[in-house]
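Step one of this worksheet: look at the structure below.
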Amino acid sequence: MSTSCTIPGLNVPRSRFPDPDEDLRETGAAQRVVLAGGCFWCVEAVFLAMDGVLGVSSGYAGGSPETASYEAVCSGRTGHAEVVEVTYDPSTVSLGGLLKVFFSVAHDPTQLNRQGNDIGTQYRSAVFYASEDQQRVAQAYIHQLDEAGVYDAPIVTTLEPLAAFYPAEAYHQNFVARNPHQPYVMAVAAPKVAKFHEVWGDHTKPDPSGDRTA
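Residue numbers (my numbering): 16 to 229.
Quick look at the structure:
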């Protein structure tokens with residue numbers, strides 16, 4: 016992962032991002048969605064800060080179980096993407112709400128098979144859908160964003176059926192919080208988390224006192 020990565024698309028203001036015309040109104044049990052947006056350290060850290068998110072796991076999807084390892088996936092020849100599995104409380108946040116953050120600050124969805132200087136199919140933008148409803152909502156929102164001209168370039172996010180989610184190695188989990196002074200974290204991941212707090216401050220997790228984090 017390159018420490019000189021920049022994500023120019025993340026400067027699009029929140030006001031440009033509409034609420035999804037289609038959404039899932041799940042109730043009851045926690046739900047999951049698997050998303051790919053470049054380096055999983057970055058995407059994981061953004062969603063861990065979001066209210067309604069119960070947990071985030073970094074991992075791999077799109078390839079075979081035999082090649083679901085960091086060393087293999089870094090080759091760019093496995094079919095896997097670096098992904099995060101987001102577990103969320105549907106009474107607090109909807110799939111559409113997660114997608115708004117995914118497309119606005121978690122990554123730049125107009126970059127094909129890369130995020131900044133992180134280059135390769137393993138860094139592609141993708142939604143790995145586990146149901147037809149997830150596919151429908153994601154496809155509709157991509158079309159809505161393109162029609163609204165939110166970005167100057169077309170969104171290249173792929174929609175791929177989720178065959179399996181393979182958790183990444185233990186040292187990748189919650190990497191940003193555990194390694195705040197690591198160069199890539201400081202140069203790339205931390206600014207994305209800061210951008211989330213700046214743009215989506217009203218959607219951050221409450222702190223133990225009941226106030227929302229800033």
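All residues carry an ideal CB built from backbone N, CA and C; glycine is no exception.
Distance, Cα to Cα, Gln150 vs Leu113? Between Gln150 and Leu113, the alpha-carbon positions lie close to 14 Å from each other.
Give a yes or no on whether the C-beta atoms belonging to Pro124 and Thr42 are separated by under 8 Å. No, these two residues do not count as a Cβ contact at 8 Å.
Alpha-carbon to alpha-carbon, Gly77 and Ala179: Roughly 8 Å separates the two Cα atoms.
Report the residue ranges of all beta strand (DSSP E) runs contained in full by the stretch 128-198; include only those spanning at least 3 residues, in chain order. The DSSP assignment places complete beta strand (DSSP E) segments of no fewer than 3 residues inside the stretch 128-198 at 140-144, 173-176, in order along the chain.
Please check the pair Gly91 and Thr136, which I expect to be a contact at CB under 8 Å, by giving their CB distance rounded to whole angstroms. Gly91 to Thr136, Cβ: 5 Å. Contact.
Using CA coordinates, which residue listed in Gly216, Gln46, Val191, His187 is at the minimum distance from Val108? Nearest option by C-alpha distance: Gln46.
Under 8 Å by Cβ, that's how I've got Arg40 and Val214 pegged, so tell me the actual separation to the nearest angstrom. Rounded, the Cβ-Cβ distance is 24 Å, inconsistent with contact.
Give me the DSSP bridge partner(s) of Pro35. Paired residue(s): none; Pro35 is not in a bridge.
Identify whether Ala76 lies in helix, strand or coil by the three-state DSSP scheme. Three-state result, Ala76: strand.
Outcome for Gly131 when other beta-carbon atoms lying within 10 angstroms are tallied against a minimum of 16: The residue is buried, with at least 16 neighbouring Cβ atoms inside 10 Å.
Arg139, buried or exposed, once every other Cβ within 10 Å from all chains shown has been counted against 16: Its Cβ being crowded by 16 or more others within 10 Å, Arg139 is buried.
Is Pro221 helix, strand or coil by DSSP? Of the three classes helix, strand and coil, the one that applies to Pro221 here is strand, per DSSP.
Proximity below 8 Å, CB of Gly52 to CB of Ala121: Cβ atoms of Gly52 and Ala121: closer than 8 Å.
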